[in-house]
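S.K.: Have a look at the structure that comes next, please.
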Amino acid sequence: MSSKTQTMAMLAMLLSSTAVMAQDAAAPADAVPQAQAEVEAVPLVTDIQQYDNGGIYEGEFRNGVQHGQGTYRLPNGYQYTGEWVDGEIRGHGRATFPDGSIYEGAFVAGRPEGTGRITFSDGSTYEGDWAEGRIHGSGTASYSNGVAYTGEFRNALHHGQGVMTGPGGYRYEGQWQDGIKQGQGTITYPDGATYAGGFVAGQRSGTGRLVMPDGVTFDGEWAEGQINGTGVLTQPNGDVYEGTLAAGQRQGTGTVRYANGDIYEGEFADDQRHGTGTFTATDGYSYTGQWAEGRIEGQGRVTYPDGAVYEGAFAGDLAHGTGTITYPDGSSYTGDWVEGVIQGTGTATYANGLTYVGQFLNARQHGQGVMSHPDGYRYEGQWEDGLRHGQGRATYTDGSLYDGTFVRGDRSGQGRLTMPEPNAFSYVGEWADGEINAFGIATYSNGDVYEGRFVDGRREGEGTMRYATGEVLRGTWEGGLPTEGAAVDGPAPAADPDTTEATTAPEAPAQ
Numbered sequence: 007m008s009s010k011t012q013t014m015a016m017l018a019m020l021l022s023s024t025a026v027m028a029q030d031a032a033a034p035a036d037a038v039p040q041a042q043a044e045v046e047a048v049p050l051v052t053d054i055q056q057y058d059n060g061g062i063y064e065g066e067f068r069n070g071v072q073h074g075q076g077t078y079r080l081p082n083g084y085q086y087t088g089e090w091v092d093g094e095i096r097g098h099g100r101a102t103f104p105d106g107s108i109y110e111g112a113f114v115a116g117r118p119e120g121t122g123r124i125t126f127s128d129g130s131t132y133e134g135d136w137a138e139g140r141i142h143g144s145g146t147a148s149y150s151n152g153v154a155y156t157g158e159f160r161n162a163l164h165h166g167q168g169v170m171t172g173p174g175g176y177r178y179e180g181q182w183q184d185g186i187k188q189g190q191g192t193i194t195y196p197d198g199a200t201y202a203g204g205f206v207a208g209q210r211s212g213t214g215r216l217v218m219p220d221g222v223t224f225d226g227e228w229a230e231g232q233i234n235g236t237g238v239l240t241q242p243n244g245d246v247y248e249g250t251l252a253a254g255q256r257q258g259t260g261t262v263r264y265a266n267g268d269i270y271e272g273e274f275a276d277d278q279r280h281g282t283g284t285f286t287a288t289d290g291y292s293y294t295g296q297w298a299e300g301r302i303e304g305q306g307r308v309t310y311p312d313g314a315v316y317e318g319a320f321a322g323d324l325a326h327g328t329g330t331i332t333y334p335d336g337s338s339y340t341g342d343w344v345e346g347v348i349q350g351t352g353t354a355t356y357a358n359g360l361t362y363v364g365q366f367l368n369a370r371q372h373g374q375g376v377m378s379h380p381d382g383y384r385y386e387g388q389w390e391d392g393l394r395h396g397q398g399r400a401t402y403t404d405g406s407l408y409d410g411t412f413v414r415g416d417r418s419g420q421g422r423l424t425m426p427e428p429n430a431f432s433y434v435g436e437w438a439d440g441e442i443n444a445f446g447i448a449t450y451s452n453g454d455v456y457e458g459r460f461v462d463g464r465r466e467g468e469g470t471m472r473y474a475t476g477e478v479l480r481g482t483w484e485g486g487l488p489t490e491g492a493a494v495d496g497p498a499p500a501a502d503p504d505t506t507e508a509t510t511a512p513e514a515p516a517q
């Protein structure tokens, strides 16, 4: 009940009790009306009479009691002017109360009854029906704060059907009970928002529809003035949520159908996707798994538009932690992820059968790792930015073995190459751009050993050949052959160039 409603009720009661007091003070106990015919014959007398309670009556009398028009005043400031019948305030009159409130209208038995208007000291007014001294029936109340009510009253309280308006544009039309909105009604708010639905104890409750000026609408359940329960929430952009809500926020289980066709179905907390849910986009992307505060967080499974599937850990909408991705061509990766990027340690299997087990950085082999080809090639060593770089060991399909350094994918720096029979060959020395270059030692299948300089795998420059026969040839080499100035120590080498005078090292296996 509002304070203004309470004031109106109290003043109405005061008006009733004061008027009755005036009636009691003015009417002698032995004043008994005569038969109707006898009474009508008695003339009215105008007089002034003062009573023991300090009250003064000035007006018409008949048979010694107030009858006709008269004014009654009390020391506390109360005054009534109007009609009297046989010592009783009855008919039309005007009462002024000690606090300055004024009632003008019909009276019966000393109390307002029928139709009347009261103006309170603060400027509030009521005009309408009265019963037994109380505001009761239909009427219009205007309050000092600018609020107005037109409708039904009971015991000075809004009760039944009525319309309340406020100075800022607020308007309620609907049912009331004991001064409180109760039942079905419609509110228009100052900002243009509207609510139509149920009310309990003055608050929106039950089923109702809210339409906001920005286009947001809600149809569903309410409790204690808040959106609470199951309903449909529509955003101005066309997004639609259907599910449970609490305190005006999405809470529990529901489905969002976005204007662009995307769909989320799952759990919510504090108006955000939270818990377990599935998001499906129109482009073919879908995610099923855990969410936290509106973001993909925890364990889940993503299917990408190109058909790739990731299953594993997420953080901040991105793959993060440990997970497996499988591509449409059959390639896959299982291992560590950082903010949506393959990074850390893992295993990659490619569609051509190649596998890599080791470290990654920015989705490229980086650090220590082992790559194996289906044809038998295997590299174990250091990587940088997807290329062999640093120390490593390569085993080739023919059984050859290279152990040494790599630069940007090529054998470069110091390294040892060992080739198996039938073309046994070994080389220890320097490499550049994947080829034997600069200084090194080559040992051939027939036992010959060359120590010197090479260019692109051929003996070139200063070098010494120690033949298996014991001869030694020192000098300058060009195109893999000694020049004329080369000096021979010991017996001449055998004449078979295939066994002692090979011009180049055997071709190294492809990298």
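With the numbering used here, letter number 14 in the sequence shown gets 20, and the count goes up by one each step, no holes. Quick reminder that beta carbons are idealized off the backbone N, C-alpha and C, glycines included.
If you check the beta carbons only, do G327 and W343 fall under 8 Å apart?
M.R.: Position 321 of the sequence shown, counting from 1, holds the residue named residue 327. Position 337 of the sequence shown, counting from 1, holds the residue named residue 343. Yes. Within cutoff.
S.K.: Could you compute how far the alpha carbon of T403 sits from the alpha carbon of T482?
M.R.: The residue given as residue 403 occupies position 397 in the sequence shown. The residue given as residue 482 occupies position 476 in the sequence shown. Answer to the nearest angstrom: the Cα atoms are 35 Å apart.
S.K.: If you draw a straight line from the alpha carbon of T11 to that of R177, how long is it in whole angstroms?
M.R.: Taking the sequence shown and counting its residues from 1, one reaches residue 11 at position 5. Taking the sequence shown and counting its residues from 1, one reaches residue 177 at position 171. With a pLDDT of only 47 at T11, under 50, the local geometry of the prediction cannot be trusted, and no value is derived from it.
S.K.: CB-CB under 8 Å to G143, same chain, minus the five flanking residues each way: which ones, in chain order?
M.R.: Position 137 of the sequence shown, counting from 1, holds the residue named residue 143. If we look at G143 and ignore the five residues flanking it on each side, its Cβ neighbours are G134, D135, W136, A137, E158, F159.
S.K.: Any chance the CB of Y178 is under 7 Å from a heavy atom of the ligand MG?
M.R.: Here there are no bound small molecules, and the ligand MG is not part of this structure.
S.K.: Do you know offhand how far G476's Cα is from V461's?
M.R.: Here residue 476 corresponds to residue number 470 of the sequence shown, with the count starting at 1. Here residue 461 corresponds to residue number 455 of the sequence shown, with the count starting at 1. Rounded to the nearest angstrom, the two C-alpha atoms are 26 Å apart.
S.K.: Run through the DSSP bridge pairs and tell me what R215 is partnered with.
M.R.: Position 209 of the sequence shown, counting from 1, holds the residue named residue 215. BP columns for R215 point to A202, D225.
S.K.: Considering just the uninterrupted stretch of the beta strand (DSSP E) at R399, what are its terminal residues?
M.R.: Numbered from 1 along the sequence shown, position 393 holds the residue referred to as residue 399. Run containing R399: 393 to 401, per the beta strand (DSSP E) assignment.
S.K.: With H, G and I counted as helix, E and B as strand and the rest as coil, what does DSSP make of P488?
M.R.: One-based indexing of the sequence shown puts residue 488 at position 482. Three-state result, P488: strand.
S.K.: Which one of G122, D128, S127 has the shortest CA to CA distance from T146?
M.R.: What you label residue 146 is simply residue 140 of the sequence shown in a count that begins at 1. Answer by Cα proximity: G122.
S.K.: Express the C-alpha separation of T309 and R394 in angstroms, rounding to a whole number.
M.R.: Counting from one through the sequence shown, the residue named residue 394 turns up at place 388. Counting from one through the sequence shown, the residue named residue 309 turns up at place 303. Each residue's alpha carbon lies about 32 Å from the other.
S.K.: May I ask you to list the residues that DSSP assigns as paired with Y132?
M.R.: Taking the sequence shown and counting its residues from 1, the one referred to as residue 132 is at position 126. Looking at the DSSP assignment, Y132 forms a beta bridge with I124, A147.
S.K.: List in chain order: all unbroken beta strand (DSSP E) runs of 3+ residues lying wholly within the region 240 to 303.
M.R.: Here the runs fully enclosed are 246 to 252, 255 to 263, 269 to 275, 278 to 286, 292 to 298.
S.K.: With DSSP collapsed to three states, give me the class of A207.
M.R.: Locating residue 207 in the sequence shown gives position 201, counting from the first residue. Note: A207 maps to coil in three-state DSSP.
S.K.: Exposed or buried, what is T493 when buried is set at 16 or more other beta-carbons lying within 10 Å of its beta-carbon?
M.R.: Your numbering for residue 493 matches position 487 in the sequence shown. Reading the sequence as shown, one finds Ala at residue 493 and not Thr. Exposed, by the Cβ-count rule.
S.K.: For the beta strand (DSSP E) holding F4, just list the boundary residues, first then last.
M.R.: There is simply no residue 4 to check, as the chain begins at 7 and stops at 517 in what is shown.
S.K.: List the DSSP bridge partners of F412.
M.R.: The sequence position of residue 412 within the sequence shown is 406, counting from 1. Paired residues: G396, R417.
S.K.: Can you tell me which of the three DSSP states N59 falls into?
M.R.: Numbered from its first residue, the sequence shown carries residue 59 at position 53. Coil, per DSSP.
S.K.: Which of the three DSSP states is assigned to T475 in this structure?
M.R.: As a position in the sequence shown, residue 475 is number 469, starting the count at 1. Coil, per DSSP.
S.K.: Helix, strand or coil: which one does DSSP assign to A354?
M.R.: Start at 1 with the first residue of the sequence shown, and residue 354 comes out as number 348. A354: strand per DSSP, three-state reduction.
S.K.: By a C-beta neighbour count over all protein chains shown, 10 Å radius and 16 as the cutoff for buried, is D454 buried or exposed?
M.R.: Position 448 of the sequence shown, counting from 1, holds the residue named residue 454. By the 10 Å Cβ count, D454 comes out buried.
S.K.: Would you report the Cα separation of Y362 and A265, rounded to the nearest angstrom?
M.R.: Your numbering for residue 362 matches position 356 in the sequence shown. Your numbering for residue 265 matches position 259 in the sequence shown. Whole-angstrom Cα-Cα distance: 44 Å.
S.K.: So is F67 buried or exposed if we call it buried at 16+ other beta carbons inside 10 Å?
M.R.: Taking the sequence shown and counting its residues from 1, the one referred to as residue 67 is at position 61. F67 should be labelled buried.
S.K.: What number of angstroms, rounded off, separates the C-alpha of D276 from the C-alpha of E248?
M.R.: Against the sequence shown, residue 276 aligns to sequence position 270. Against the sequence shown, residue 248 aligns to sequence position 242. Roughly 15 Å between the two C-alpha positions.
S.K.: Considering only the beta carbon of each residue, do I521 and E457 sit closer than 8 Å?
M.R.: Residue coverage of the chain in this structure runs from 7 to 517, which leaves residue 521 outside it and unanswerable.
S.K.: Taking all protein chains shown into account, do 16 or more other C-beta atoms lie within 10 angstroms of the C-beta of W489, making it buried, or fewer, making it exposed?
M.R.: Your numbering for residue 489 matches position 483 in the sequence shown. First, the amino acid is wrong: residue 489 is Thr here, not Trp. Under this definition T489 is an exposed residue.
S.K.: Where T236 and G120 are concerned, what is the direct C-alpha to C-alpha distance, given to the nearest angstrom?
M.R.: To locate residue 236, count along the sequence shown from 1; it is residue 230. To locate residue 120, count along the sequence shown from 1; it is residue 114. Answer to the nearest angstrom: the Cα atoms are 47 Å apart.
S.K.: Count the other C-beta atoms from every protein chain shown that fall within 10 angstroms of the C-beta of T288, then say buried if there are 16 or more, exposed otherwise.
M.R.: Here residue 288 is taken as the residue at index 282 of the sequence shown, counted from 1. Classification for T288: exposed.
S.K.: How about Q371 and G346: are their beta carbons less than 8 Å apart?
M.R.: As a first step, residue 371 must be located in the sequence shown, where it is residue number 365. As a first step, residue 346 must be located in the sequence shown, where it is residue number 340. No, the pair does not count as a contact, with Cβ atoms beyond the cut-off.
S.K.: How big is the Cα-Cα spacing for R263 and I302?
M.R.: Here residue 263 refers to the residue found at position 257 when the sequence shown is read from its first residue. Here residue 302 refers to the residue found at position 296 when the sequence shown is read from its first residue. Between R263 and I302, the C-alpha separation is close to 18 Å.
S.K.: Report the option in T449, G421, S451, N429 whose CA atom is closest to the CA atom of E441.
M.R.: On the sequence shown, residue 441 is found 435 positions in, with the first residue counted as 1. The candidate whose alpha carbon is nearest that of E441 is G421.
S.K.: Go ahead and label A357 buried or exposed: buried means 16 or more other beta carbons lie within 10 angstroms of its beta carbon, across all protein chains shown.
M.R.: On the sequence shown, residue 357 is found 351 positions in, with the first residue counted as 1. With fewer than 16 Cβ atoms within 10 Å of its Cβ, A357 is classed as exposed.
S.K.: S107 bridges to which residues according to DSSP?
M.R.: Position 101 of the sequence shown, counted from the start, is the residue given in the question as residue 107. Per DSSP, none; premise fails for S107.
S.K.: Can you tell me where the beta strand (DSSP E) with E230 in it begins and where it stops?
M.R.: Residue mapping note: residue 230 aligns to position 224 of the sequence shown, counting from 1. Per DSSP, E230 belongs to no beta strand (DSSP E) and is neither H nor E.
S.K.: Let me check understanding here. Comparing Cα to Cα, which of G405, F103, G129, R96 lies closest to R117?
M.R.: Looking up residue 117 in the sequence shown gives position 111. It is R96.
S.K.: What are the partner residues of Y456, as DSSP defines its beta bridges?
M.R.: In the sequence shown, the residue the question calls residue 456 occupies position 450. DSSP output for Y456 lists A448, M471 as bridge partner(s).
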